[in-house]
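In what follows, a structure is listed as structure tokens, so that the remarks can point back to it.
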Amino acid sequence: MSVLPYATLQPTYSAVFDDIASALIATDKVWLSLYAFNAPSSSIHATVWLEPCKPASAEHANTEEGTERAGGVRIAKVDGKVTVRRVKGSSTDLLVSTTSSELNSSTSARTAQSQVLYAPTLLRAPRKDFGSIIRGHEGATALDVASSTAVPGLERYVVGGADGALRIGVLDVPKEDETIDESLKGADEQDEIEKLAQRRIRERARQLQREQVIPCKGHVGDIRSAQFFPSGDVILSTSSDHTARIWDAKDGTCVRVLKGHSRAVLCAAPIGRGRQVVTGGGDGTLRIYDVGEDKQIGVIGSDRYSSVNAVGLRPESVFPTSDQPAESMDVPTLAAGLASGRVQLFDLKSKSSIGLIDTHSFPLGSPPAATDTWAQLSKGGGITALAWIDQHTLIAGTTEGVCSLHDVRKLGTGSTEIDGTTLDASVSIEGLEANAGPPCLISTWRRNGAAITDIQVNTSKASLGQVDVLVATSDGLPYRADISKLLLGAAESKATAPRVTVEYTGWEAENVGTIRLDGKGRVLCAGAEGMLKRY
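According to the UniProt record's numbering, the sequence shown is numbered sequentially starting from 1.
What follows is the structure, encoded as structure tokens:
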């Protein structure tokens, strides 16, 4: 039951930095603020002054002095109780903390704090701004990234938005074949000229490929989700026009239109390699389609027919690589996030419900001493995003900004181990009658009231004991958090809250709808005004 502090940095910080580095202005300032929901009257507001400087020499580039002078700009001073440092290897990233963050800070969601304590956190500026991919104020509502299996080295993105707008673009193209010029080695001057001309033509073709954006025409309602099949060459999208569509990522051709929902189709997922897909809709149903046969093969109703806002396939199933009948495949467990705030688990083979994770208050227990700014949520809000972390653990986010971590093996045990304490109906928290929440709840946290719009799990370093979650929010403050210690359990770790390691800056106080990792570990965010940024 944690409240996590957060930072807001002037969205135009990168532009101010560039203006100073280019000598367009002599000096300037940007604002920086720190907040914590459990310290509502103690927010910190600081001013960071930037000024031009002479960059350090190449031999001193990796020294502390070189870091402080990177990009020809340095921090002249900071007004406010905040420590701001430059980060090695980056011109614009900042490492921010409060001057008292070395104290034992409390993130308790039940106890108001007298000050904001912000542990050292990286504020990362965008590395590339793709501009407005989707027109309209509502901006991008869907994003996915995938590498092509047919063309090694080719990585695409797909972005969706209002009024059926769906665009496919290229992030990376295959590396140039270095052997292509071998036959010209030692050639005469004329051949060298031809060699240079051919190289420039290839470079121009690669650049045009990167800049190409392919429109996918067919949907007539807002795009609600979009994702690649495992091949990276096929796209599955859903829309408020009551349909899901399947597209060829190479040219944007629509190859299937999946019908059946009576309301908006809000989410979807390919099953295995994509011979079947499952969709979830505002009509409270999950529908399974056979892509090859182009027909619906199953319908499942959600709990009380609550709107299905998000779906995620359990990662335990192993899908065959040989061409065997779809019915012989291992059909996975599906988690569905409902507008009621519940998460429902389904066995897609039997098309039946096998578990239900109930809603919970935030914070748990009886209401804290309430004030105008400090009150308990009787329910954490409707589920808006979810993701599996491993075979038995999933994370869900809600409209009220609450993230919850669950161990589905503990469904129905009758007690909850939360933040290291086992609770049941007879247990009290700080002398108050406890509302323990669902028995599978591992931890729950909140930063503010902004809705969680997307969650992606990064397990690339799981073998080293590190698991991160990337969280997008409706207030333009996406972040990365380390949840490794929470997954260890109370027996091995005393951690009660995730550790926020990175905040992704550059957004106005508007919606960031989706967040993704590309094949190189870079973070992409899409949101307001159709903007796409890479970090």
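Even glycine gets a Cβ: it sits at the ideal position worked out from N, Cα and C.
A residue is called buried when at least 16 other Cβ atoms come within 10 angstroms of its Cβ; Y13 meets this threshold and is buried. Within the region 1-35, the complete beta strand (DSSP E) segments at least 3 residues long are 6-9, 28-35, listed from N- to C-terminus. Pairing A336 with V299 gives a Cβ-Cβ distance that is not under 8 Å.
Remark: C-beta atoms of T107 and V3 approach each other more closely than 8 Å. Taken in chain order, the complete alpha helix (DSSP H) segments of 4 residues or longer contained in the region 463-500 are 484-488.
A Cβ-Cβ separation of about 6 Å places V278 in contact with L334 under the 8 Å criterion. At the C-beta level, A385 and A310 come within 8 Å of one another. Taking a 10 Å sphere around the C-beta of R480, we find 16 or more other C-beta atoms and assign the residue as buried. In this structure V48 does not touch L34 by the C-beta definition: roughly 12 Å separates them, more than the 8 Å allowed. In this model, L377 and T399 are separated by some 12 Å (Cα to Cα).
The beta carbons of F346 and I354 sit closer together than 8 Å.
Bounds of the beta strand (DSSP E) holding G298 are 295-301. Burial is judged here by how many other beta carbons sit within 10 angstroms of a residue's own beta carbon; H60 has fewer than 16 and is exposed. Checking the DSSP bridge columns, you'll see A146 partnered with R156. Between the alpha carbons of V469 and A197 lies a gap of roughly 46 Å.
If only complete runs of 3 or more residues are kept, the region 74-115 shows the beta strand (DSSP E) at 82-86, 94-98, in order along the chain. The residue among S90, A109, V82 with its C-alpha nearest the C-alpha of T99 is V82. When the Cα atoms are used, A165 and M531 turn out to be separated by approximately 13 Å. Setting aside the 5 residues that flank it on each side, L486 is surrounded in the same chain by L405, I442, S443, A495, P498, each with a C-beta closer than 7 Å to its C-beta; the list follows chain order. Between V255 and W247, the C-beta gap is smaller than 8 Å, which places the two residues in contact. Annotated three-state conformation of T384 is strand, per DSSP. Shown here, R204 sits in a helix according to DSSP, grouped into three states. Note on V500: 16 or more other CB atoms within 10 angstroms of its CB, so buried under the neighbour-count rule. Contact annotation: I214 and R245 have beta-carbon atoms that are not nearer than 8 Å.
Here D191 carries a helix assignment [DSSP, helix/strand/coil].
By the Cβ test, the region 138-148 is in contact with the region 229-236, since at least three Cβ pairs between them sit closer than 8 Å. Rounded to the nearest whole angstrom, the CA to CA distance from V170 to C403 is 32 Å. The alpha-carbon of S302 is positioned some 14 Å away from that of L266.
Distances from the CA of G272 to each of F228, Y305, G260 were compared; the closest alpha carbon is that of F228. R516 is not a Cβ neighbour of R127, given a cutoff of 8 Å. Take E65, set aside five residues on each side of it, and the residues of its chain with a beta-carbon closer than 6 Å to its own are A56, in chain order. No Cβ-Cβ contact shorter than 8 Å links T359 with R124. Between the alpha carbons of S262 and I395 lies a gap of roughly 29 Å. Taking the CA atoms as reference points, Q212 sits about 43 Å from A36.
Taking all protein chains in view, the Cβ of V220 is surrounded by fewer than 16 other Cβ atoms within 10 Å, so the residue is classified as exposed. Taken through DSSP and simplified to helix, strand or coil, R199 comes out as helix.
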